[in-house]
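Student: Quick one: the structure is below, questions incoming.
Protein chains in written order, with the numbering used here: chain A, 1 to 235; chain B, 236 to 480.
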């Protein structure tokens, strides 16, 4: 049965990919015995029978276990409402935020987290029947409130490119010796000793987003960072 | 329709703007023209020019509008006060605009996987900045390009085109003169990959044969417009590649 695409081909919404006897993953749907793409994407032929479509555009779809960066949008009676760039609001309860029990009558929740604060959180549950469908926790290592630093927002479908195959891209980025936290929702937090490094790193991340569909990107980024490091060394 | 047109609509097989009856006006499309929006596009069919902006999927407000199993889509078709040729258009949404908004929403809904986003809202804004006939057809194309740019899952793009009857001859992509003085108008929305029709409106009086021929012509014209739409989406990505490699 036929395959309708070639490697690295650009597919548009509705384009046929292959018949259903192939294994096709990514943003696809089945129509009349054929896989069709549901968004703009690039074809990746893994082997004879498996094809993956890499989306070029897309919105964040929350999944349980995702690490996300969110903003506090409201302080409620026993928790906080967060914006995690999903179509639904997220809820962080006091229980998932503090290690020791606190007395809710005497402690003002705004002293812990206030509106506008940035947090790294992990999604623990999604239930669309609730008022706040996403539940998150910050009671794990590497989670919690973020202070200082710079936040870069990119398209959520480009997040795998910032991490790279087996973390290759993030390895290149860490040559700058900065703290980098990548949220699955496309928010990336960077914090460096020098603010100029932060601005440079942010520009590099935006470039990865812009050129994510090109080949040899990791090498080009590495070159840019090495050049920046040597120039900075001379100052 | 009682008055005679100021210029002959069809003379020696050519239309008033020099086109053949089966010829589409020059097309111009660009993606990502509004950076504030999640997706945007501008589409021109000749002098008709429509800007589309898509926001979402986002939380549905007011809450009581949200549906438990799928997203709701809100479409606003609006003509700018400066878009018309003669008289300034009143900027308040008219009966006609409210109706077209609804018609376009119903033409777009079959193409979008609304069930992927329960309880959410997708906002589609369509602003006609210059009107010269076929505004709803151009709006449909612009809206689906903007939705694709926003990365909203779609079964296919929806391409709009109008077919009309002028002096008994079938013609595609009517301009405002032909729309005003022609005998019939058939705006149609087609999903080109799947071949499905999502918008089908008709006025005037048509014979059965003429209608069948008109739909056939619409499919041909949509093929051409769809090619331009694909090119526009491609340009957004692959011009950048040429620069770096």
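For every residue, glycine included, the Cβ atom is placed at its ideal position computed from N, Cα and C.
(1) Are any of the Cβ atoms in chain A nearer than 7 Å to that of residue 271 (chain B)?
(2) Mind pulling the chain B residues with CB within less than 9 Å of residue 39 (chain A)?
(3) To test your reading of the DSSP string, which unbroken beta strand (DSSP E) runs of 3 or more residues are found completely within the stretch 74-139 of chain A?
(4) Hey, does residue 213 (chain A) have any beta-carbon neighbour from chain B nearer than 7 Å?
(5) Flag residue 262 (chain B) as yes if its beta-carbon sits less than 7 Å from any beta-carbon of chain A, otherwise no.
(6) Near residue 370 (chain B), what residues of its chain come up, given a Cβ to Cβ distance below 6 Å and the 5 sequence neighbours on each side ignored?
(7) Any idea what DSSP makes of residue 433 (chain B), helix, strand or coil?
(8) Under the three-state reduction of DSSP, which class applies to residue 444 (chain B): helix, strand or coil?
(9) Taking 8 Å as the threshold, find out whether the stretch 402-414 of chain B comes into contact with the stretch 247-258 of chain B through three or more Cβ pairs.
(10) Compare the Cα-Cα distances from residue 506 (chain B) to each of B:460, B:412 and B:426 and report the closest residue.
(11) What are the partner residues of residue 280 (chain B), as DSSP defines its beta bridges?
(12) Please report the straight-line C-alpha distance between residue 513 (chain B) and residue 318 (chain B), rounded to a whole angstrom.
(13) Taking the Cβ atom as the reference point for each residue, do residue 385 (chain B) and residue 285 (chain B) lie within a distance shorter than 7 Å?
(14) Does the structure place the stretch 40-57 of chain A close enough to the stretch 4-19 of chain A that three or more beta carbon pairs sit under 8 Å?
(15) Quick one: which chain A residues come within Cβ less than 7 Å of residue 294 (chain B)?
(16) Bridge partners of residue 409 (chain B), per DSSP?
(17) So what does residue 191 (chain B) bridge to, in DSSP terms?
(18) To be precise: take each residue of the stretch 297-318 of chain B, compare its Cβ to all Cβ atoms of chain A, and keep it if any distance is under 8 Å. Which residues remain?
(19) With DSSP collapsed to three states, give me the class of residue 12 (chain A).
(20) Put residue 299 (chain B) into one of helix, strand or coil per three-state DSSP.
(21) Using a Cβ-Cβ cut-off of 7 Å, state whether residue 10 (chain A) counts as contacting chain B.
(22) Since residue 182 (chain A) sits in a beta bridge, which residues does DSSP pair it with?
(23) Helix, strand or coil, according to DSSP, for residue 163 (chain A) in the structure here?
(24) For residue 374 (chain B), which residues in chain A fall below 9 Å Cβ to Cβ?
(25) Buried or exposed, going by whether 16 or more other CB atoms sit within 10 Å of the CB of residue 148 (chain A)?
(26) What separation, rounded to the nearest whole angstrom, lies between the Cα atoms of residue 266 (chain B) and residue 274 (chain B)?
(27) To be precise: take each residue of the stretch 56-75 of chain A, compare its Cβ to all Cβ atoms of chain B, and keep it if any distance is under 7 Å. Which residues remain?
(28) So for residue 294 (chain B), helix, strand or coil by DSSP?
(29) Please tell me whether residue 392 (chain B) has its Cβ less than 7 Å away from any Cβ of chain A.
(30) Could you pull the DSSP bridge partners for residue 356 (chain B) from this structure?
(31) Taking buried to mean at least 16 other C-beta atoms within 10 Å of its own C-beta, is residue 175 (chain A) buried or exposed?
(32) If you run the structure through DSSP and keep just helix, strand and coil, what is residue 67 (chain A)?
(33) Using 8 Å as the threshold, is the stretch 198-213 of chain A in touch with the stretch 146-161 of chain A, meaning 3 or more CB pairs across them?
(34) By Cβ distance, which residues of its chain are closer than 8 Å to residue 475 (chain B), with the 5 residues on each side in sequence left out?
(35) In whole angstroms, give me the CA-to-CA distance for residue 169 (chain A) and residue 184 (chain A).
(36) Kindly list the residues whose CB is nearer than 8 Å to the CB of residue 323 (chain B), restricted to its own chain and excluding five residues on each side of it in sequence; keep chain order.
Tutor: Working from what's here:
(1) no
(2) 383, 386, 387, 388 and 389
(3) 79-83, 90-93, 118-126 and 134-137
(4) yes
(5) no
(6) 283 and 363
(7) strand
(8) helix
(9) yes
(10) Within the shown structure, residues of chain B are numbered from 236 to 480, placing residue 506 (chain B) beyond reach of any answer.
(11) B:262 and B:283
(12) Outside the modelled stretch of chain B, which goes from 236 to 480, sits residue 513 (chain B), for which no answer is possible.
(13) no
(14) yes
(15) 87, 88 and 89
(16) Answer is none; residue 409 (chain B) lacks a bridge partner.
(17) The question about residue 191 (chain B) has no answer here: the residues shown for chain B are numbered 236 through 480.
(18) 303 and 306
(19) coil
(20) helix
(21) yes
(22) A:188
(23) helix
(24) Chain A residues near residue 374 (chain B): none, gap ~18 Å exceeds 9 Å.
(25) exposed
(26) 8 Å
(27) 56, 57, 58 and 59
(28) strand
(29) yes
(30) B:293 and B:307
(31) exposed
(32) strand
(33) yes
(34) The predicted position of residue 475 (chain B) is uncertain, since its pLDDT is 49 and thus under 50; no value can be drawn from it.
(35) 15 Å
(36) 316 and 317
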